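Trainee:
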Amino acid sequence: MFGGNYNVKLRVGIFPKKGKLELRVMDGNLVSGYLDIFNKSNPLQGTIENGTIDIHGMIKLPVGETEYEAIGTVEGNTIKLKFDTKFGFYKMTGTRM
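Going by the numbering used here, the sequence shown opens with residue 6, and the numbers climb by one from there.
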């Protein structure tokens, strides 16, 4: 099962920023949910297949709001994502709550 809530850390600058990621898997491989980080709740959507996740949405970063695509893996209770934004690339890791 890939859906659930995760405590996450987004590497932006020197210090990782803590947040929460909520994933809901619907209709087989469609994903929706929220990324709560920087005191903002950011809706997301995407797909997951064989442990590979591809999500996208808007994220409000300290440098401004931007669209992103994040690709990564879900293995057991661990999620790893790499965010591609107009401000650069950011890595996120997390564990299921």
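Positions of the beta carbon are idealized from the N, C-alpha and C atoms, including for glycine. Please read these numbers as outputs of a predicted model, since none were measured by experiment.
Count the other CB atoms within 10 Å of the CB of M97; is the residue buried (16 or more) or exposed (fewer)?
Mentor: Translated into the one-based positions of the sequence shown, residue 97 becomes position 92. Buried, since its Cβ has 16 or more Cβ neighbours within 10 Å.
Trainee: Does the beta-carbon distance from E27 to Y39 come in below 8 Å?
Mentor: As a first step, residue 27 is located in the sequence shown; it is residue number 22 there, counting from the start. As a first step, residue 39 is located in the sequence shown; it is residue number 34 there, counting from the start. Taking 8 Å as the Cβ cut-off, E27 and Y39 qualify as a contacting pair.
Trainee: Per DSSP, I58 is paired with what?
Mentor: Reading the sequence shown from its first residue, position 53 is the one you call residue 58. Paired residue(s): I53 and G77.
Trainee: Take the Cβ of G66 as the centre, count every other Cβ of all protein chains shown within 10 Å, and call the residue buried at 16 or more, exposed below.
Mentor: Looking up residue 66 in the sequence shown gives position 61. Checking the displayed sequence, the identity of residue 66 turns out to be Leu instead of Gly. The residue in question, L66, is buried, as its Cβ has 16 or more Cβ neighbours within 10 Å.
Trainee: Helix, strand or coil: how does DSSP classify N34 here?
Mentor: What you label residue 34 is simply residue 29 of the sequence shown in a count that begins at 1. Coil.
Trainee: Taking N12 as part of the beta strand (DSSP E), name the residues at either end of that continuous run.
Mentor: The count along the sequence shown starts at 1 and reaches residue 12 at position 7. Counting along the chain, the beta strand (DSSP E) containing N12 begins and ends at G9 to R16.
Trainee: Any idea if F88 is buried or exposed, counting beta-carbon neighbours within 10 angstroms, 16 or more meaning buried?
Mentor: Start at 1 with the first residue of the sequence shown, and residue 88 comes out as number 83. Buried, because 16 or more other Cβ atoms sit within 10 Å of the Cβ of F88.
Trainee: From the DSSP output, which residues share a beta bridge with F94?
Mentor: On the sequence shown, residue 94 is found 89 positions in, with the first residue counted as 1. Answer by DSSP bridge pairing, in chain order: D89.
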